[in-house]
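Quick notes on the structure that follows.
Chains as they are written, first to last, in our numbering: chain R, 246 to 574; chain Z, 246 to 574.
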């Protein structure tokens with residue numbers, strides 16, 4: 246049996262993460278990159294891989310087993326995933342939590358009509374964090390859920406700072422409050438406000454002569470993004486930003502505390518945590534594991550849209566069920 | 246739709262943990278306890294629940310939707326699970342890792358022939374630890390796995406101490422070495438010997454006048470159980486043992502560290518950890534979540550033996566797929 250041929254639509258940070266994951270797995274290979282840019286302008290790292298225009302997806306349905314959509318959730322995926330699911334088995338990392346039901350419905354209709362398998366909202370949140378919540382809730386029906394993010398770079402918050410007049414560049418880190426995390430891990434079951442859970446650290450490069458006080462005020466008072474948090478702003482040079490803040494780390498912890506016993510006298514703490522040097526490379530790795538699952542499910546005759554909740558874990562592994570039972574159970 | 250009717254075979258610590266979990270879930274109820282003891286001698290906590298002889302299982306196939314086997318892996322489950330799978334959908338917590346393939350084969354044959362669903366080796370290790378290993382390995386094919394157990398009570402090691410002449414009672418705690426755990430969490434990828442990963446703490450009640458030095462030597466030099474570990478032995482009174490060591494806590498961490506990037510320059514740490522006040526109550530809670538899954542799979546027409554690897558997570562939850570996507574993804 247040949248390798249699973251992966252196509253990537255969109256060759257940014259996430260697309261390059263998917264590419265690396267294709268090479269890291271024994272049974273996957275990158276077959277093609279599709280781009281909305283001029284294909285001539287896109288240099289793909291993997292030797293011999295074709296770059297085709299995104300508009301030509303339909304001409305290549307026989308060249309790709311699973312198409313991984315590496316675009317953004319705001320405007321790309323709501324259009325791309327349903328359209329692509331009419332042509333291919335697909336996997337995306339749609340992460341606008343509130344819109345998941347609508348996205349699921351649109352993708353499910355397209356995938357059912359065309360007979361493909363689509364897996365949406367794969368990554369770490371939604372994704373691995375979600376499935377950790379599900380397992381923990383199913384095991385401990387009486388309990389409380391906590392999610393802490395970071396320490397890591399929030400692209401959305403970094404972008405929000407960059408839109409402030411006088412800002413050249415910025416990097417925003419989301420940081421869990423250590424005392425809150427410790428109280429949850431100790432099973433104290435605290436009620437925590439937004440401010441008590443996370444702080445926000447901003448590293449900002451300002452234009453020469455810009456009003457730094459005005460920039461700082463615009464940041465810390467920004468509704469939705471910063472106003473509900475204790476936010477620190479540090480002005481640094483472009484050289485410092487490029488030297489000390491070039492990475493895209495992230496991570497966090499999903500914790501559920503629950504109780505059992507005749508009178509709830511026994512406390513249990515279930516925690517799943519991630520510490521990631523590269524958010525897009527990790528997310529790309531998750532996407533490729535689910536591309537394997539999509540391919541296998543499709544070969545078994547499955548169709549329609551699925552999430553991480555609907556896929557038995559064995560489908561994700563390159564090992565056989567016998568190997569898994571003998572060595573990993 | 247009525248509640249899922251759970252039967253329990255074996256009413257020890259684990260059976261009582263299953264009973265508590267039946268009451269904690271909105272869609273399950275304890276239907277019956279089966280015992281090898283005199284049923285008259287077994288007092289079940291839940292009001293109105295029948296206690297029947299284990300020999301009469303076959304007479305009650307219509308009274309139970311899923312039978313949870315709460316016996317031991319050494320001698321009970323290898324016989325009980327295949328036999329029960331001919332009569333019921335079943336779930337067990339078989340935990341002799343080396344014998345899982347043989348146990349799976351025997352249970353699978355029985356369940357397929359009789360048209361039932363059987364789920365084996367459910368709990369936390371094997372169980373939740375196993376599925377955490379699988380997810381992490383599928384995502385990070387290049388990496389290293391670590392499992393730390395504890396701080397928690399090992400029944401097997403406690404029993405081994407109790408068999409030493411002059412010992413009245415004992416409790417053994419398995420304890421991860423903090424420095425080893427810290428190095429793994431930091432992504433240092435250390436190679437660790439058995440001794441470097443865990444220590445063993447023993448609390449022993451000796452008979453009056455017993456040779457404590459001889460007992461201590463018998464413990465720390467015991468092959469397989471203690472010789473490969475740094476072991477501490479503390480002699481205490483029976484009162485102290487009953488007062489300070491009555492609980493059955495356990496837990497631990499499954500950690501996979503992996504690398505991505507063009508030259509493996511980005512490290513990722515994936516950790517699943519448990520801190521449990523009551524090992525049997527937690528394990529019982531996991532068994533009931535998988536009993537729900539077994540019932541649903543059976544209603545869909547599935548048959549045969551499955552493990553945690555083969556079951557899509559959504560089957561474990563009392564919530565609908567729509568609710569899960571809207572609120573937990």
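Note that the Cβ used here is the ideal one computed from N, Cα and C, for glycine as well.
Check your understanding: Does the separation of the CB atoms of residue 525/R and residue 262/R fall below 8 angstroms?
Key -> The residue labelled residue 525/R in the question sits at position 280 within the first chain. The residue labelled residue 262/R in the question sits at position 17 within the first chain. In contact: residue 525/R and residue 262/R (Cβ atoms closer than 8 angstroms).
Review point. Which residues in the same chain as residue 531/R place their Cβ atom closer than 7 angstroms to its Cβ, once the five residues preceding and following it in sequence are excluded?
Key: Here residue 531/R refers to the residue found at position 286 of the first chain. For residue 531/R, where only same-chain residues beyond five positions count, the Cβ hits under 7 angstroms are 367, 368, 369, 372, 373.
Check your understanding: In chain order, what residues of the same chain have a beta carbon less than 8 angstroms from the beta carbon of residue 320/R, not counting five sequence neighbours either side?
Key -> For the purposes of this step, residue 320/R is taken as residue 75 along the first chain, with counting starting at 1. Answer for residue 320/R: no residue qualifies.
**Study point:** Beta-carbon neighbours of residue 270/R, restricted to chain Z and to distances below 7 angstroms
**Key:** Residue 270/R sits at position 25 when you count from the first residue of the first chain. Here the neighbours are 386.
Exercise for review: Name, please, each residue of chain R whose Cβ falls closer than 9 angstroms to the Cβ of residue 264/Z.
Suggested key: As a working note, residue 264/Z is residue 19 in the second chain. Here the premise fails: no neighbours, minimum Cβ distance about 10 angstroms.
**Study point:** Where the beta strand (DSSP E) containing residue 577/Z begins and where it ends
**Key:** Since the first residue of chain Z shown is 246 and the last is 574, residue 577/Z is not available in this structure.
Review point. Comparing the CB of residue 254/R with every heavy atom of the ligand HEM, is any distance shorter than 7 angstroms?
Key: Summarising the ligand content, the structure contains no ligands, and the ligand HEM is consequently not present.
Review point. So what's residue 500/Z in DSSP terms, helix, strand or just coil?
Key: The residue labelled residue 500/Z in the question sits at position 255 within the second chain. Here residue 500/Z sits in strand by DSSP.
Practice item. Please decide whether residue 254/R counts as near chain Z, where near means a Cβ-Cβ distance under 8 angstroms. Key: As a working mapping, residue 254/R is identified with position 9 in the first chain. No, because no Cβ of chain Z sits closer than 8 angstroms to the Cβ of residue 254/R.
Check your understanding: By how many angstroms is the C-alpha of residue 411/Z removed from the C-alpha of residue 423/R?
Key -> Within the first chain, residue 423/R is the residue found at index 178, counting from 1. Within the second chain, residue 411/Z is the residue found at index 166, counting from 1. The straight-line gap from Cα to Cα measures roughly 48 angstroms.
Review point. If you compare alpha carbons, which of 308/Z, 510/Z, 365/Z is closest to residue 344/Z?
Key: Counted from its first residue, the second chain places residue 344/Z at position 99. Of 308/Z, 510/Z, 365/Z, the residue nearest in Cα terms is 365/Z.
**Study point:** Reduced DSSP secondary structure (H/G/I, E/B, other) of residue 529/R
**Key:** For this step, residue 529/R is matched to residue 284 along the first chain. In this structure, residue 529/R counts as helix in the three-state DSSP scheme.
Point to revise | 8 angstroms Cβ cutoff met for residue 251/R and residue 289/R | key: Here the question's residue 251/R lines up with position 6 in the first chain. Here the question's residue 289/R lines up with position 44 in the first chain. Not closer than 8 angstroms, so no.
**Study point:** Cross-strand partners of residue 306/R (DSSP beta bridge)
**Key:** Start at 1 with the first residue of the first chain, and residue 306/R comes out as number 61. Paired residues: none, contrary to the question.
Check your understanding: Of all the residues that make up the stretch 345-359 of chain Z, which are near chain R by a beta-carbon distance shorter than 9 angstroms?
Key -> 345, 346, 349
Exercise for review: Could you spell out the range, first to last residue, of the alpha helix (DSSP H) harbouring residue 483/R?
Suggested key: Sequence index remark: in the first chain, residue 483/R carries index 238 (1-based). First-last of the alpha helix (DSSP H) with residue 483/R: 483-489.
Check your understanding: When the distance is taken between beta carbons, is residue 413/R closer than 8 angstroms to residue 500/R?
Key -> The count along the first chain starts at 1 and reaches residue 500/R at position 255. The count along the first chain starts at 1 and reaches residue 413/R at position 168. No.
Practice item. Starting from residue 434/R, find everything on chain A with Cβ-Cβ shorter than 9 angstroms and list it in chain order. Key: No chain A is present in this structure, whose protein chains are R and Z.
Check your understanding: Between residue 434/R and residue 573/Z, is the Cβ-Cβ spacing less than 8 angstroms?
Key -> Here residue 434/R refers to the residue found at position 189 of the first chain. Here residue 573/Z refers to the residue found at position 328 of the second chain. Cβ atoms of residue 434/R and residue 573/Z: not closer than 8 angstroms.
Review point. Who are the Cβ neighbours of residue 389/Z in its own chain at under 6 angstroms, not counting the five residues just before and after it?
Key: On the second chain, position 144 is the one that residue 389/Z refers to. The residues are 434, 502.
Review point. Can we say the stretch 399-406 of chain Z touches the stretch 451-458 of chain Z, given the rule of at least three CB pairs closer than 8 angstroms?
Key: no
Practice item. Report, in whole angstroms, the separation of the C-beta atoms of residue 498/Z and residue 426/Z, which I expect to be a contact under 8 angstroms. Key: Within the second chain, residue 498/Z is the residue found at index 253, counting from 1. Within the second chain, residue 426/Z is the residue found at index 181, counting from 1. Rounded, the Cβ-Cβ distance is 7 angstroms, consistent with contact.
Review point. Apart from the five residues on each side of it in sequence, which residues of its chain come closer than 7 angstroms, Cβ to Cβ, to residue 512/Z?
Key: In the second chain, counting from the first residue as 1, residue 512/Z sits at position 267. Result list for residue 512/Z: 432, 502, 504, in chain order.
Exercise for review: Check whether the Cβ atoms of residue 308/R and residue 329/R lie closer than 8 angstroms to each other.
Suggested key: One-based indexing of the first chain puts residue 308/R at position 63. One-based indexing of the first chain puts residue 329/R at position 84. No, Cβ-Cβ distance for residue 308/R and residue 329/R is not below 8 angstroms.
Exercise for review: Can you give me the start and stop residues for the beta strand (DSSP E) that residue 392/Z sits inside?
Suggested key: Counting from one through the second chain, the residue named residue 392/Z turns up at place 147. Counting along the chain, the beta strand (DSSP E) containing residue 392/Z begins and ends at 388-394.
Review point. So what's residue 359/Z in DSSP terms, helix, strand or just coil?
Key: For this step, residue 359/Z is matched to residue 114 along the second chain. Helix, per DSSP.
Review point. Mapping DSSP to helix, strand and coil, what is residue 398/Z?
Key: Counted from its first residue, the second chain places residue 398/Z at position 153. DSSP places residue 398/Z in strand when its eight states are reduced to three.
Check your understanding: Could you give the uninterrupted runs of the beta strand (DSSP E) lying entirely in the stretch 400-488 of chain Z, keeping only those of 3 residues or more?
Key -> 412-421, 443-451, 475-480
Exercise for review: Grab me the residues of residue 270/R's own chain with a C-beta within less than 7 angstroms of its C-beta, minus the 5 sequence neighbours each way, in chain order.
Suggested key: Taking the first chain and counting its residues from 1, one reaches residue 270/R at position 25. Excluding sequence neighbours, residue 270/R sits near 533, 563.
**Study point:** Pairwise C-alpha distance: residue 557/Z and residue 556/R
**Key:** Taking the first chain and counting its residues from 1, the one referred to as residue 556/R is at position 311. Taking the second chain and counting its residues from 1, the one referred to as residue 557/Z is at position 312. Rounded to the nearest angstrom, the two C-alpha atoms are 5 angstroms apart.
Review point. What does a CB cutoff of less than 6 angstroms around residue 517/Z pick up in its chain, not counting 5 residues either side in sequence?
Key: Within the second chain, residue 517/Z is the residue found at index 272, counting from 1. Counting only Cβ-Cβ distances below 6 angstroms, and skipping sequence neighbours, we find 377, 499.
Exercise for review: Determine, using beta carbons only, whether residue 416/R and residue 490/R come nearer to each other than 8 angstroms.
Suggested key: Against the first chain, residue 416/R aligns to sequence position 171. Against the first chain, residue 490/R aligns to sequence position 245. Cβ distance < 8 angstroms, so residue 416/R and residue 490/R count as in contact.
Practice item. Could you tell me which of 447/Z, 554/Z, 311/Z sits nearest to residue 477/Z, measuring between CA atoms? Key: Start at 1 with the first residue of the second chain, and residue 477/Z comes out as number 232. The residue with the shortest Cα to Cα distance from residue 477/Z is 447/Z.
Exercise for review: Verify the CB distance criterion: does residue 366/R have a CB-CB separation below 8 angstroms to chain Z?
Suggested key: Taking the first residue of the first chain as 1, we reach residue 366/R at position 121. Interface residue, yes.
**Study point:** Cβ of residue 421/Z within 8 angstroms of any chain R Cβ
**Key:** On the second chain, position 176 is the one that residue 421/Z refers to. No, residue 421/Z lies away from the interface with chain R (no Cβ there is under 8 angstroms from its Cβ).
**Study point:** Start and end residues, alpha helix (DSSP H) containing residue 554/Z
**Key:** As a position in the second chain, residue 554/Z is number 309, starting the count at 1. Run containing residue 554/Z: none; DSSP gives neither H nor E here.
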